[in-house]
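Following: one structure in structure tokens, then a few remarks.
In the working numbering, the protein residues as written are 21 to 659.
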């Protein structure tokens, strides 16, 4: 279906990849992998025709249909779920509109004997036949069937798309791609904003997809469950194997080991030959033999070993100063949004040097408690930081706080102090942003690169207590390992929120489980916690109710196998935004209340002041309702 021949792309004189060649045929489900910034998303954009290569050719079969699921989905405001899904049927909708125009003319015109009226009758027949061939009489039913299958209820079909979270919008986009019957599907990080149910649906759909699928993802389990081929972009080259991701890694390692062994043997023979040449050169009688050996050596095809991109971040979290023995003391902390209580009467004492993991279902208050520690919103109870405590906070969506319109260097310089401003270039270099990279605008970075930049920026401030909320989002596997090693070496106090058991192993000596508005302490590492809870893995922790069945059906096993994947990230992001808006409005209303207390007579005469004041209160009430709806959606995903 697609032939990619000698494809090359460079930025600023440096090749992203050079003379890459491969072919994609029906039934290929390809995992396109590589480090953050290796060029995976660029490759997808070129395959889709959004981006032109510097050289090389992408040829495709005639009339091929291609669907591209991008990272950023931008729907037109004002459309309902059904209307957006119907956008999959561009030609059908055009023919349908033409039929409406023809029928309108037939009703309104009276020149029945004219040639024009006769032509309208012929057009009606032609367009009706075309409408039938395109499946026009079935598209409404097919659309509803697919939407229902993806978890939409019939009563929300006419809701505006902007009222839905990113995960649900992703489902609408997937429905459109499925309804289009594309020959080629290009999927860029498709699981980033999906809940478990939609990930399982997508897996099942892709496994039975007859065309070509190319997937960019850092989700190993998703790749293993879906793909039958892996193409890795590394150091400008493409390595192509007909294996799913994990099997590919093993095979590539074996091949490289064999290459190294063969190269070593060849080098040994070359050295022996060179010694003979030197020996024979010294004797006139052996000169012809020496020349023969030289010619033979020149013809030897030197064995090359596939290069590995072993460049990794160089992260170190230095401790700014030693704090007191108790770094955080929380007493009777309670946080509610409207009638929904998230945390209730939480008391916690954190001592200097503790390594603490926060675990539990989404929506149980892990991130909320971290935000309370950094005073992001008002809460009941008391949180007291100890002597000399300097907090470093990495939010779950930290990369979103970066300004996309400024450069990496400016991002760092704006956050730097007089003492470390001269070091920002070196710091960026240690996070793999070197040379001209620092002059790039933040908006052109991949998700993983933005996370690296956010981590780099964090190091500009003095820290002795680190609060890390899902810091591995978007990071490639090597970057995750480097971050883990850096956090293990951190000499200060660490509070870590994560659902990734591999990442949590060896990271903590205390685990707190958040459940039913409370926390429970486990004095041990993550493995000790799982043993105490009699659970096999972290996905069991995140289930709403753990129900063990003696003979689970195959479908249920597949469901469980994905419980440790990313859950409802879009809903979590939406919840964070709503919480931030609630916080801002509460502060504004509090400020207005104080103004009324101090100068009531002046403001009672100002109609615009009270209009704005009442509007803020109405907006706050609506946000509280929105918060409950999103929270219930999050809970529903864990049910």
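Glycine is no exception: its CB is placed at the ideal position from the N, C-alpha and C atoms.
Treat the numbers as computed from the prediction; the structure is a model and nothing was measured.
Go ahead and pull the three-state DSSP assignment for residue i.
i	result
residue 651	helix
residue 131	coil
residue 437	coil
residue 586	Legend: pLDDT at residue 586 = 45, less than 50; position of this residue unreliable, value from coordinates given subsequently. In the structure shown, residue 586 sits in coil (DSSP, three-state: anything other than H, G, I, E or B).
residue 387	helix
residue 115	helix
residue 638	helix
residue 371	strand
residue 400	strand
residue 30	strand
residue 394	coil
residue 407	coil
residue 460	coil
residue 364	strand
residue 335	coil
residue 21	coil
residue 378	strand
residue 548	helix
residue 444	helix
residue 320	coil
residue 423	coil
residue 39	strand
residue 108	coil
Here's the rule I'm using: 16 or more other beta-carbon atoms within 10 Å means buried, otherwise exposed. How should residue i be labelled?
i	result
residue 527	buried
residue 454	exposed
residue 114	exposed
residue 464	exposed
residue 77	exposed
residue 408	exposed
residue 280	exposed
residue 131	exposed
residue 25	exposed
residue 72	exposed
residue 145	exposed
residue 192	buried
residue 594	buried
Which value, in whole angstroms, describes the spacing of the CA atoms of residue i and residue j?
i	j	result
residue 242	residue 166	22 Å
residue 653	residue 483	36 Å
residue 34	residue 27	14 Å
residue 387	residue 286	57 Å
residue 139	residue 118	14 Å
residue 121	residue 379	60 Å
residue 177	residue 82	36 Å
residue 95	residue 631	33 Å
residue 523	residue 429	30 Å
residue 36	residue 30	5 Å
residue 221	residue 197	14 Å
residue 340	residue 651	38 Å
residue 98	residue 643	21 Å
residue 40	residue 79	14 Å
residue 493	residue 530	23 Å
residue 23	residue 127	52 Å
residue 549	residue 491	21 Å
residue 633	residue 598	19 Å
residue 136	residue 112	25 Å
residue 183	residue 101	10 Å
residue 421	residue 505	25 Å
residue 635	residue 646	16 Å
Among the residues of its own chain, which have a CB less than 6 Å from the CB of residue i, if the five just before and after it don't count?
i	result
residue 364	354, 537
residue 51	235, 243, 247, 250, 265
residue 260	42, 251
residue 533	379, 380, 540
residue 486	412, 514
residue 447	476
With a threshold of 8 Å on Cβ separation, who are the neighbours of residue i within its own chain once the five nearest residues in sequence on each side are excluded?
i	result
residue 568	At residue 568 the pLDDT is 42, less than 50, meaning the model places this residue with poor confidence and gives no usable figure here.
residue 403	348, 349, 350, 351, 353, 392, 393, 395
Ignore the nearest five residues each way along the sequence and tell me which others in residue i's own chain have a CB closer than 7 Å to its CB.
i	result
residue 469	56, 57
residue 202	85, 86, 87, 231
residue 54	60, 252, 253, 254
residue 104	95, 181, 192
Using a Cβ-Cβ distance cut-off of 8 Å, determine whether residue i contacts chain D.
i	result
residue 55	Although the question refers to chain D, the structure presented lacks it and comprises just one protein chain.
Give a single yes or no on whether residue i has its beta carbon closer than 7 Å to a heavy atom of the ligand NAD.
i	result
residue 258	The ligand NAD is absent from the structure shown, which contains no ligands of any kind.
Enumerate, from N- to C-terminal direction, the unbroken alpha helix (DSSP H) stretches of 4 or more residues contained entirely within the stretch 196-276.
-> 216-227, 240-246
What alpha helix (DSSP H) runs, 4 residues minimum, are completely inside the stretch 492-539?
-> 497-509, 521-524
Let me know the alpha helix (DSSP H) ranges lying completely inside the stretch 41-104, each 4 residues or longer, listed in chain order.
-> 60-68
Secondary structure, alpha helix (DSSP H): runs of 4+ residues fully inside the stretch 141-171 = As far as the stretch 141-171 is concerned, its whole alpha helix (DSSP H) runs of at least 4 residues are 159-169.
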